[in-house]
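A.B. asks: I am attaching a structure below and will ask some questions about it afterwards.
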Amino acid sequence: MDLEAVIFDLDGVLVSTDEYHYQAWRKLADVHGIYFDRIINESLRGVSRMESLEIVLKRGDKTYSSDEKQQMAQAKNQTYVELLSKLTPHDILPGTLELLDALKNAHIKTAVASSSKNAKYILKKIELDRAFDAVVDGTMIQNSKPDPEVFLKAADIIGVKPENCAVVEDAHSGIEGAVAANMKAVGVFYAKIHPKADLQCNSIADITIARLNAIE
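The sequence shown begins at 105 in the working numbering and counts up by one.
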């Protein structure tokens, strides 16, 4: 491929906030007497907050109004943001800084494309808020992954054609969104087993420019 840009998901790719998400959803579920475990938490990976809430509520036996759901989502997010206050640059996943430096030296553009509405806050906490050419988060899109909107918007902002972009994702929905956007998909962690991933890596530390350029 003619690689001109790499677009990164945030949670689970550049930094791990999985435990914070789990704790926040678990607290909400406990308050409402809904069963919630780590397996259910995995199904929320790459999914928007309101869609995640619907998945959680399916485990319960009550019906909630739209206003009640909004209040529940806000309560979960408040807990999550409080937990995010603990983040520091030490939480950046291994290999991230090295890859970003290599891409910058090779004049390859970078962007973050996340469904999270807290993406910019997280990047600021880990001191990567100025490390990318563009950041597209959940406040800037109408449709969450696997819809390709977030990736296409990122490519548009940095001025690179989709076919010249590679997406790094840890969620199956993100891989599907990248493919739908006509971008090359790099699966890490949980997404490395996705059959549509063009490159499969254990983590971001396994990604090199040479491996990206070798994608057909």
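In this text, a Cβ means the ideal position worked out from N, Cα and C, and glycines have one as well.
Quantities reported herein were computed from a predicted structural model and do not represent experimental measurements.
Output the residue ranges of the beta strand (DSSP E) runs that lie fully inside the segment 196–251 and measure 3 residues or longer, sorted by chain position.
C.D. replies: You should have 213–217 and 238–240.
A.B. asks: Is the separation between the beta-carbon of residue 215 and that of residue 111 shorter than 8 angstroms?
C.D. replies: Residue mapping note: residue 215 aligns to position 111 of the sequence shown, counting from 1. Residue mapping note: residue 111 aligns to position 7 of the sequence shown, counting from 1. Against a cut-off of 8 angstroms, the Cβ pair of residue 111 and residue 215 comes out as a contact.
A.B. asks: Might you give, ordered along the chain, the residues of its own chain that have their beta carbon closer than 7 angstroms to the beta carbon of residue 298, omitting 5 neighbours on each side?
C.D. replies: Residue numbering aside, residue 298 sits at position 194 when the sequence shown is read from its first letter. Once the five neighbours on either side are set aside, the close Cβ partners of residue 298 are 276, 279 and 291.
A.B. asks: How about residue 272 and residue 117: are their beta carbons less than 8 angstroms apart?
C.D. replies: Reading the sequence shown from its first residue, position 168 is the one you call residue 272. Reading the sequence shown from its first residue, position 13 is the one you call residue 117. In contact: residue 272 and residue 117 (Cβ atoms closer than 8 angstroms).
A.B. asks: Pairing CB atoms from the segment 173–193 with CB atoms from the segment 205–215, are three or more of them under 8 angstroms?
C.D. replies: Contact fails: fewer than three Cβ-Cβ distances are below 8 angstroms.
A.B. asks: Just to confirm, is the Cβ distance from residue 261 to residue 253 under 8 angstroms?
C.D. replies: By one-based count along the sequence shown, residue 261 stands at place 157. By one-based count along the sequence shown, residue 253 stands at place 149. No, Cβ-Cβ distance for residue 261 and residue 253 is not below 8 angstroms.
A.B. asks: Say whether the segment 170–187 touches the segment 126–136, bearing in mind that this needs 3 or more beta-carbon pairs closer than 8 angstroms, one atom from each stretch.
C.D. replies: At 8 angstroms Cβ cutoff, the stretches touch.
A.B. asks: Could you tell me the distance, in whole angstroms, from the CA atom of residue 231 to the CA atom of residue 221?
C.D. replies: On the sequence shown, position 127 is the one that residue 231 refers to. On the sequence shown, position 117 is the one that residue 221 refers to. For residue 231 and residue 221, the distance between alpha carbons rounds to 17 angstroms.
A.B. asks: Enumerate in chain order the residues of its own chain whose CB-to-CB distance from residue 213 is below 7 angstroms, with the five nearest sequence positions on each side excluded.
C.D. replies: The residue labelled residue 213 in the question sits at position 109 within the sequence shown. Taken in chain order, the residues that qualify are 108, 109, 237, 262 and 264.
A.B. asks: Please classify residue 314: is it buried, with 16 or more other beta-carbons within 10 angstroms of its beta-carbon, or exposed?
C.D. replies: For this step, residue 314 is matched to residue 210 along the sequence shown. By the neighbour-count rule (16 or more Cβ atoms within 10 Å), residue 314 is not buried but exposed.
A.B. asks: What residues are listed by DSSP as bridge partners for residue 303?
C.D. replies: Within the sequence shown, numbered from 1, the residue matching residue 303 stands at position 199. Per DSSP, 290.
A.B. asks: So, at 8 angstroms on beta carbons, what are the nonlocal neighbours of residue 146 in its own chain, with the 5 sequence-adjacent residues on each side left out?
C.D. replies: Here residue 146 refers to the residue found at position 42 of the sequence shown. The residues are 294.
A.B. asks: Just to confirm my understanding: we take residue 316, look at its own chain, exclude 5 residues before and 5 after, and list those with CB closer than 6 angstroms. What are they?
C.D. replies: Walking along the sequence shown from the start, residue 316 turns up at place 212. So the list reads 107 and 270, once near-sequence residues are dropped.
A.B. asks: Out of 308, 157, 286 and 285, which one is the CA nearest neighbour of residue 296?
C.D. replies: Taking the sequence shown and counting its residues from 1, the one referred to as residue 296 is at position 192. Cα-wise, what sits closest to residue 296 is 308.
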